[in-house]
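One structure is given below, encoded as structure tokens.
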């Protein structure tokens, strides 16, 4: 089958991946599931992987097929799979988990002690077929469009997971800030709006992103580059600040801004990454402020997100590309030229 | 009355405060309480205040009497005070709260919208008498020794508050790390031990502090300056890392170490301060790791800590000094020469 | 001033209360607030009080003015009140709290150790003026209609409190059941709908109540008297049952039905009362099922409900009556003939 | 192999089970594990099953081997089992779970949609060999005594699970009540004591049970049949009542007593069963009181309990019997004549 493979780390996106012919995976173990990929979202993390940014955090062996945001049709199942059948449309939770380690038993799928992460540590979905397992797939309602739904497998669940953590600490009358209204942020904004009757402030330096935010339920869409941005947020919140901040950007600028616009005991959830946190410990103490990292989400949360999608509460904008166009997508994303989420259709 | 006052910010601890004669406070409002101070703990924060480190975070007008860790005897009460009587021994929660703002109604005393913080924003307890209110005082059992109990008013409650936040996420079989076994840390260690049947690792660069930790319930007392400290913690935890980290130090070295010895979804609670956090956002994302600031504690938590003290579960080591010796204490603390917690006895 | 007073417990609603002339209350203590009552909701609990049903639970001395659901205008304030001014419109949380006992410090207003409950244990709001305190009143936005907003002071907050407890355990994809769409239930339904993207089943034996439920966001409005009601709920929930049940009725029939339509680990929140629970302990064990009582709500929750009202998320239907009509209202409610919530306008 | 089988429901314990020869189970599926049973605890629930009390709650087909509290040695594993090896000593979580349904993904093992419950719905451990799966077994440290540890598999985990739920709502200074210091209660008491620095009141009508309670950490061991038992509890708690009640008995008398000795917002956890709850809904409302059923516990909680056992924090008293003595054990338990937990050693 054809697959888009990373052979070498590079900062040159135009020649990042190579389309190669490799063996189709098969369901060798009793719980394996092979999916014919119909949609595989391209994620900012793919660019980060290509640049080698994950080598300090996980073990990677090149060459490797990228693509961790997958949906498609089941074409083969292991001998004891009972939750899906051949022919069924599914969305794939991004990781394969053992189901027996303690994090798995606690429902913490992302922290499985025996994790495989297709597209990050093993072969992913920028290919005709993907090997996954019955603990990763969620059946979709008949007629579901796997191509447009694919980005929920990572962008969606990641945004939902962060919003759910924030939701636990939000009450009516509170204010939540969404930093960055791009691929993840525009989903997070919708989740936040449907799960919380709170005041929502969206921050994005791009005017069109702020317009999008307006249409998706933000009560205020502001430019974080404005000189008086701190004062603007304080004015909206009667001087109190925001109770929860969800940072889909993760740059030095956003982690610098967070504590300045936060109410006491606020959390700043780090979803996006690339930049740093530089803060005096005293700043966290004084406001009882927290920087809390967030990593993808639980399988059960992908089920919950699918319920929201089913209700029509969350929609996402996608643009579609063929497998051969992956490097063009990588380059465009690098320059912020992708409209909505790019989905590869192998 | 006599009071130890800060007239000017300085880094010269030997002449930090001046002993001056000022008016005794009186119970002008219906809920005021005047306490004759019998013990007033000296805190690392006092040194930070003297250096001007808090001017960016709160409003201060000099001159000001320092001292925010107070206990003593009630000598005057406002017209509607019903919870304490003249002659009663009390420990004072460090802040005076309005009782009507939203944070107060949620029990979040430290985030009261109309907060007075004696010793930080108004006159404190390095004086013969202290003005506070019925919402700050907790009656002590008859015969209680206010001098030795005073440090619980800030060091104790702060340590307890951090431990309580960690406790919510600890289960039997987990590991907790205490960074720094000094004034706060040695209380935190005892709270941790009595509230959680978990494995406890104490880290301190001083051998005598590690010995103290051994005696107070730590299962492992390690030197964080050891080259293989990360490996030591991983070995103890079967490669998993610690589920919760409580950092009573708050220096660059401790915030650097935290993520390296943390299990997935761990929190690193920042209690001590003085240093910075410098971390890639990706580090927080990859381990779903959180840096969470913690600020003193709730009034209800000081009640809970008093219950622990009453049970004999938490003891603290103090050394006592006269009001005229405050600058000597300040200097000694600066050089790490104070044994246990220093208490001023005005 | 004129007041509707209970002189003797009775089951004869037509002569339940007497309109009498009594002294106007004054703000004798520093935190007292006197409110000119503009709206005082009549509650099923008023009927229960008249029947003597609360004598086993609280201390009551007759005669007593009833009325615990009050809003109006501040006409006098104690010497240290700083949160409201004379002339301001306010809604009154139903209880007066001391602000210093442990439950108060935890935000558990209803469990204050020194509680006064106007209309239940002291004189209430079916009178021209009501004595309350600055810890009970919430200022309303200019132009607020105190008459129609009054029922939120008890019916609203009680419904909101129960829904908030259920909300903590609901996730997208789950199902919640509302039992009873009357005075409290129709508010609870709206709170549930705005706070939770879940499937909502409303149960009411009255067709018009089911119609109301349809219009307020219920996805299914069913007759609990239907023979196959259990099967209907199981069909809607794919055989799983409801994750949370909020019982605004509290009769033998509703507490009997709950466990039969519940998913594993479900809660059945008891809000309404009058009937009993009769269940084998084994039923609770087998489904890990809980019956959880719920009593009014916190002051902070009334603030949150006011935020929802302000957003337009919760509306309530009221009908207005003069003080002299209280017994007619009592009788009508007894026979289920009140449309929406009855509000007395003294 | 030999097995003790229930052929017919009966109230005659002396002839409850028959020792029969049946086929040894084999590891037919990839995740199956066959354990040679070395200890199988006899539980009050076994008596209840024999009497047919569970037929309304689960599907049972007779004949069936009872025994749901098992430990022993692994003798055969399925083709994909990686967590245990042949020859390893294990304790068995009481249920076999699918690992893919939503409750499994949330860690709620007892609510698995595809549950098998050996000893309740399929063949259990009063036999030479038991069929279970890799999701049920927990490896024991070398040298562990499976016979004495077996009762933790159900009695232990059930007690721990209930205590853990109570722990979430207990703070230092609070009071917890343990009702019944028998097979489960004496474990629950130890868990409570090691996990919570609170005041513990143990209630048991038997003097020797109260003596046992004294030795296991109860601060007060009282006779619930005493006429002034309510007053005794109120005296101990300064009139406030207990914040959490754990009922290991579950009779009419205990569910009647609970609300009378409870503080506001207390929970009464129903662990034991056999009796009923009969209470006015108003009683739950007035005290915001909850009856909360509790069913066995999570796999992750059995891991946690094993950590406590490993620390020496929880010990249990057992007496051992041969397989042929099962009916004698059943009869003795019926008459309260078993010392500690009876363990069958097939």
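Protein chains in written order, with my numbering: chain A, -3 to 342; chain B, -3 to 342; chain C, -3 to 342; chain D, -3 to 342.
Backbone N, C-alpha and C fix where the C-beta goes; we use that ideal spot for every residue, glycine too.
Subject >> Beta-bridge partners of residue 283/D, as assigned by DSSP >> reply: In the DSSP assignment, no residue is bridged to residue 283/D.
Subject >> Touching by the beta-carbon criterion (3+ pairs, under 8 Å), the segment 260 to 272 of chain D and the segment 204 to 215 of chain D >> reply: no
**OP:** Taking all protein chains shown into account, decide if residue 86/D is buried (16 or more other Cβ within 10 angstroms of its Cβ) or exposed.
**Re:** buried
Subject >> Listed by chain order, chain B residues near residue 295/A by CB distance under 7 Å >> reply: Those within 7 Å of residue 295/A in chain B number zero; the least Cβ separation is about 15 Å.
Original post:
Mapping DSSP to helix, strand and coil, what is residue 14/C?
Top reply: strand
Subject >> Where residue 22/C falls, given that 16 or more other Cβ within 10 Å makes a residue buried >> reply: exposed
**OP:** Could you check what DSSP says for residue 242/C in three-state terms: helix, strand or coil?
**Re:** strand
Original post:
List, in order along the chain, the chain D residues whose C-beta lies closer than 9 Å to that of residue 190/B?
Top reply: 168, 193, listed in chain order.
Original post:
Near residue 208/A, which residues of its chain fall below 7 Å by C-beta distance, leaving aside the five closest residues on each side in sequence?
Top reply: Result list for residue 208/A: 177, 182, in chain order.
**OP:** Give the interface partners of residue 353/C over in chain A, defined as CB-CB distance under 7 Å, in chain order.
**Re:** Because chain C in this structure spans residues -3 to 342, residue 353/C falls outside the shown range and cannot be described.
Subject >> Local conformation of residue 264/C per DSSP, three classes >> reply: It is a strand residue.
Original post:
What are the start and end residues of each continuous alpha helix (DSSP H) run of 4 or more residues lying completely inside the segment 32 to 120 of chain B, in chain order?
Top reply: 40 to 46, 98 to 101
Subject >> Nearest residue (CA-CA) to residue 64/C, options 27/C, 152/C, 79/C, 70/C >> reply: 152/C
Subject >> Short-range partners of chain A found in the segment 95 to 107 of chain D, where Cβ spacing is below 7 Å >> reply: 95, 96, 98, 101, 102, 103
Original post:
Mind checking if residue 304/A is an interface residue toward chain C, Cβ cutoff 7 Å exclusive?
Top reply: yes
Original post:
From residue 111/A to residue 104/A, what does the alpha carbon distance come to, in whole angstroms?
Top reply: 11 Å
**OP:** Using a Cβ cut-off of 7 Å (strictly closer), state whether residue 16/C contacts chain A.
**Re:** no
**OP:** Check residue 30/B in the structure and name its three-state DSSP category.
**Re:** Shown here, residue 30/B sits in a strand according to DSSP, grouped into three states.
Original post:
residue 247/A lies in the alpha helix (DSSP H); which residues open and close that run?
Top reply: Annotation: residue 247/A is outside any alpha helix (DSSP H) and is labelled neither H nor E by DSSP.
**OP:** Quick one: which unbroken beta strand (DSSP E) runs of 3-plus residues sit fully inside the segment 131 to 179 of chain D? Chain order, please.
**Re:** Positions of the beta strand (DSSP E) runs, each at least 3 residues long and wholly inside the segment 131 to 179 of chain D, are given as 133 to 135, 171 to 175 in order along the chain.
Original post:
Looking at residue 297/D and residue 148/D, is the spacing between their C-beta atoms short of 7 Å?
Top reply: no
**OP:** Check whether the segment 128 to 135 of chain C touches the segment 126 to 134 of chain B, taking contact to mean three or more Cβ pairs, one atom from each stretch, closer than 8 Å.
**Re:** no
Original post:
So, residue 244/A versus residue 175/A, is the Cβ gap smaller than 7 Å?
Top reply: yes
Original post:
From what residue to what residue does the beta strand (DSSP E) around residue 317/A run?
Top reply: 314 to 317
Subject >> Enclosing beta strand (DSSP E) for residue -2/A [first to last residue] >> reply: -2 to 2
Original post:
Looking at the structure shown, is residue 20/B part of a helix, part of a strand, or coil, going by DSSP?
Top reply: coil
**OP:** Just the chain B side, please: which residues come within less than 7 Å of residue 300/D by C-beta, in chain order?
**Re:** 167, 168, 169
**OP:** Answer with buried or exposed for residue 227/B, where buried requires no fewer than 16 other C-beta atoms within 10 angstroms of its C-beta.
**Re:** Residue environment analysis places residue 227/B among the exposed positions, since fewer than 16 neighbouring C-beta atoms fall within 10 angstroms of its C-beta.
Subject >> Endpoints, beta strand (DSSP E) assigned at residue 125/C >> reply: Note, residue 125/C: beta strand (DSSP E), 125 to 129.
**OP:** Specify the secondary structure class of residue 229/D as computed by DSSP and reduced to three states.
**Re:** In this structure, residue 229/D counts as helix in the three-state DSSP scheme.
Original post:
Buried or exposed: which applies to residue 119/D, given that a residue is buried once 16 or more other Cβ atoms fall within 10 Å of its Cβ?
Top reply: Under this definition residue 119/D is a buried residue.
Subject >> Proximal residues of chain D, C-beta to C-beta of residue 79/A below 7 Å >> reply: Ordered by position in chain D, the residues that pass the 7 Å Cβ test against residue 79/A are 96.
Original post:
Skipping 5 residues on each side, what residues in its chain have a beta carbon closer than 6 Å to that of residue 19/C?
Top reply: none
**OP:** Could you say if the segment 75 to 82 of chain D and the segment 23 to 42 of chain D meet the contact criterion of at least three C-beta pairs nearer than 8 Å?
**Re:** yes
Subject >> Nearest-angstrom Cβ-Cβ length linking residue 1/C and residue 11/C, presumed shorter than 8 Å >> reply: Rounded, the Cβ-Cβ distance is 12 Å, inconsistent with contact.
Subject >> Residues of its chain near residue 314/B, where Cβ-Cβ distance is below 6 Å and the 5 sequence neighbours each way are ignored >> reply: Setting aside the 5 residues that flank it on each side, residue 314/B is surrounded in the same chain by 144, 336, 337, 339, each with a C-beta closer than 6 Å to its C-beta; the list follows chain order.
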